[in-house]
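The numbering of the sequence shown is UniProt numbering, which starts it at 1 and goes up by one. Report on one structure; see the data block that follows.
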Amino acid sequence: MRYVVLGASAAGVNGVRQLRKQCPEAEIILVSKDSTVYSRCILHHYLGNMRTKEELCFAEEDFEDRYKVDWRKGVSCTALDDKEKKVILSDGTSISYDRLLIATGSHTLLPPVKGLLETEGVYGFHNLDEVESIKKWAGKAEHIVVMGGGLTGLDAAVGFLHLGKKADLVEMEGHLLAKQLDARSSKTYEEAMENEGIRLHLGVGIREVCSENGTITSLKLTDGTELACDMLVVTAGVRPNIDFLKGSGVECDQFGLVIDRYGQTSVPDIYGAGDVTGRSPIWPAAVKQGMVAAVNMAMDDAQEGRRATMEDFFASKSTMNFLDIPTMSLGIPERPDHSYEVVLEDRDGIYRKVIHKNGKIYGAILQGDLSYGGVLTQLIASKIDISKVKKPLFEIDYSDFFHTKDNFEFYYEEA
Numbered sequence: 001m002r003y004v005v006l007g008a009s010a011a012g013v014n015g016v017r018q019l020r021k022q023c024p025e026a027e028i029i030l031v032s033k034d035s036t037v038y039s040r041c042i043l044h045h046y047l048g049n050m051r052t053k054e055e056l057c058f059a060e061e062d063f064e065d066r067y068k069v070d071w072r073k074g075v076s077c078t079a080l081d082d083k084e085k086k087v088i089l090s091d092g093t094s095i096s097y098d099r100l101l102i103a104t105g106s107h108t109l110l111p112p113v114k115g116l117l118e119t120e121g122v123y124g125f126h127n128l129d130e131v132e133s134i135k136k137w138a139g140k141a142e143h144i145v146v147m148g149g150g151l152t153g154l155d156a157a158v159g160f161l162h163l164g165k166k167a168d169l170v171e172m173e174g175h176l177l178a179k180q181l182d183a184r185s186s187k188t189y190e191e192a193m194e195n196e197g198i199r200l201h202l203g204v205g206i207r208e209v210c211s212e213n214g215t216i217t218s219l220k221l222t223d224g225t226e227l228a229c230d231m232l233v234v235t236a237g238v239r240p241n242i243d244f245l246k247g248s249g250v251e252c253d254q255f256g257l258v259i260d261r262y263g264q265t266s267v268p269d270i271y272g273a274g275d276v277t278g279r280s281p282i283w284p285a286a287v288k289q290g291m292v293a294a295v296n297m298a299m300d301d302a303q304e305g306r307r308a309t310m311e312d313f314f315a316s317k318s319t320m321n322f323l324d325i326p327t328m329s330l331g332i333p334e335r336p337d338h339s340y341e342v343v344l345e346d347r348d349g350i351y352r353k354v355i356h357k358n359g360k361i362y363g364a365i366l367q368g369d370l371s372y373g374g375v376l377t378q379l380i381a382s383k384i385d386i387s388k389v390k391k392p393l394f395e396i397d398y399s400d401f402f403h404t405k406d407n408f409e410f411y412y413e414e415a
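Here is the structure:
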C-alpha cells in the first residue's frame with residue numbers, strides 16, 4: 001500500500017506519524033513546498049527573536065528515519081488526477097497513490113485594497129519565508145502597521161514589541177479578536193496593548209495604500225485618517241491551497257476542501273485535514289483531523305465499523321496568552337439571541353463567561369485564570385446536560401458528573 005501525504009504542517013506531519021503507527025510496513029511519501037517542519041502558531045516568536053528557526057520545529061530530529069517516510073521537499077502539487085490516482089508536482093514529476101491525504105494548508109489572502117498588490121513593503125504573516133522577509137525589512141522601518149486584529153494580527157504586533165518596534169494595528173471590527181472574545185474580555189487586551197505602545201484603530205479599514213516610486217509611504221483609512229506607513233503586515237485573512245484540485249472530482253465549497261466526519265472527501269481513497277478545509281483554522285483541530293484521517297485511511301473494508309471520527313472535538317477552541325494575560329475561548333463569544341442564557345463572573349482580574357441553552361454549552365470565555373478550563377472542556381466533550389447539575393456553574397467539579405468504577409475508571413451517568 002502506498003500512502004501519499006501533501007503538506008508538512010500540523011495535519012500532514014501528524015498524519016504521517018499515525019499512518020506509520022497503523023501500517024508499519026506501508027510506503028509513505030510526504031510532499032511539501034517547505035523543506036523543514038515548523039509551527040506557524042509561533043512564527044511571532046521567531047520575529048521577536050524569542051526562538052531560533054530550529055526552535056520552531058515540532059517534529060523529531062530523525063523524523064524521516066523514525067517514520068520511514070520518503071519526503072519530497074521543495075515541491076508542491078500542481079494537479080490531481082483522481083481517475084488515474086496520481087498527483088502531478090511542480091518539478092514536472094508525478095506520484096501514484098493508493099490513498100491520499102490532502103493537508104496542503106492555506107496562504108495569505110491579500111484583500112482588494114487599492115494599491116495593495118503592486119506596492120513594495122507589504123507582507124503576509126503566514127509562513128516562514130514571509131516572516132524572514134519581514135525581519136529584514138523591519139530593521140529600517142519606522143512606521144509599521146498591522147492589518148487585522150485577530151490572533152495572527154496580535155501575534156505580529158507583539159512580535160514587533162519584542163523586536164523593539166512599535167506598531168499601529170487596524171481592525172474593521174469594533175474590538176480585537178472578535179471571533180474569539182466579547183467586547184469585555186477584548187478590552188483587557190486592548191488596554192494592555194495600548195500601554196505597551198501599540199496604537200489601535202478599531203472599527204475602521206484600510207481604503208488605500210499610498211506609495212512613492214512603488215514603495216509604501218502611507219495608508220488612507222475608511223474614516224478619513226491617513227497613517228504614515230513604511231511597512232504593512234497583512235493578517236486579515238487566508239485562503240485554502242486548493243487550486244490544484246481544479247478539474248478533479250474532489251468537492252470543494254466556498255470555505256475549502258469538503259470532508260466528512262471521518263476526514264474523507266467526495267472521492268474514495270482521498271482524505272483531507274487541517275487548514276485546507278477552511279474550517280476551524282487552529283492547531284489542535286489540524287492535529288486531530290490529520291490523525292483521524294490517517295486512522296481511517298489505514299483501515300480495510302473489514303474494519304469499517306471501527307472508524308475514528310472528529311465529533312468529540314470542540315472545533316472553535318483558542319487558548320492565548322498575549323502580554324501575560326491568559327485567555328481561553330470556546331465556541332461562540334456572544335449569544336445569538338435571548339433564548340440563550342449567559343452566566344458571568346467578573347472580579348479581581350478574572351473574567352469568566354458561559355453561554356448555554358437547554359443544558360448545552362455553546363460558548364465560553366475564561367480570562368486571567370484558566371483553572372476551570374479542564375472541567376469546562378470535559379463538560380462540552382462529554383455532552384453533559386449542565387441543567388441537571390444542581391449547583392452554581394463555576395462551582396462544578398469532576399465529582400459532580402463523574403463516578404468511579406471498582407477499577408478506578410471514570411464514567412458519566414445522567415441523573
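Using N, Cα and C, we set each Cβ at its ideal position, and we do this for glycine too. Remember, predicted model here, so these are calculated numbers, not experimental data.
- Here Phe63 carries a helix assignment [DSSP, helix/strand/coil].
- Every alpha helix (DSSP H) of 4 residues or more that sits fully in the segment 4–31 is shown, in chain order, as 10–22.
- Residue pairing of Leu245 in beta bridges, as defined by DSSP: absent, with no partner found.
- When C-beta atoms of the segment 363–373 are compared with those of the segment 326–334, three or more pairs fall below 8 Å, so the two segments count as touching.
- Listed in chain order, the beta strand (DSSP E) elements of length 3 or more contained wholly in the segment 251–317 are 270–272.
- Using a Cβ distance threshold of 8 Å, Ile216 and Ala167 do not count as a contacting pair.
- By the Cβ neighbour-count rule, Phe244 is buried, with 16 or more other Cβ atoms within 10 Å of its own.
- Close CB contacts of Tyr38 within its chain, under the 7 Å cut and outside five residues either way in sequence, are with Leu56, Cys57 and Leu128 (chain order).
- In the DSSP annotation of this structure, the continuous segment of the alpha helix (DSSP H) that includes Asp129 starts and ends at Leu128 to Ala138.
- Comparing C-alpha distances from Gly247 to each of Arg352, Val87, Arg279 and Thr319 shows the shortest one belongs to Val87.
- Note that the C-beta distance between Leu176 and Tyr189 is below 8 Å.
- If you look at Ser94, you'll find it in the beta strand (DSSP E) that goes Ser94 to Ser96.
- For His162, the enclosing alpha helix (DSSP H) stretches over residues Leu151 to His162.
- Taking one beta carbon from each stretch, the segment 19–27 and the segment 47–55 have fewer than 3 pairs nearer than 8 Å; the two do not touch.
- Considering only Phe255, Lys135, Ser186 and Leu47, the residue with the shortest C-alpha distance to Gly105 is Phe255.
- Exposure of Ser387 is indicated by the presence of fewer than 16 other C-beta atoms within 10 angstroms of its C-beta.
- Positions of the alpha helix (DSSP H) runs, each at least 4 residues long and wholly inside the segment 327–405, are given as 373–381 in order along the chain.
- Judged by DSSP secondary structure, Ala183 falls within the alpha helix (DSSP H) whose first and last residues are Ala183 to Asn195.
- About 23 Å separates the Cβ atoms of Gln22 and Val250, ruling out a contact at the 8 Å cut-off.
- Contact check between the segment 147–165 and the segment 75–93: fewer than three CB pairs, one atom from each, fall below 8 Å, which does not count as touching.
- Per the Cβ contact rule, the segment 281–293 is not in contact with the segment 109–122 (fewer than 3 Cβ pairs under 8 Å).
- In the displayed model, Tyr123 falls within a strand according to three-state DSSP.
- Taking a cut-off of 8 Å on C-beta distances, the segment 146–162 does not touch the segment 257–270, as fewer than three cross pairs fall below it.
- Pairing Leu393 with Val343 gives a Cβ-Cβ distance under 8 Å.
- His44 sits in a helix when the DSSP states are folded into three classes.
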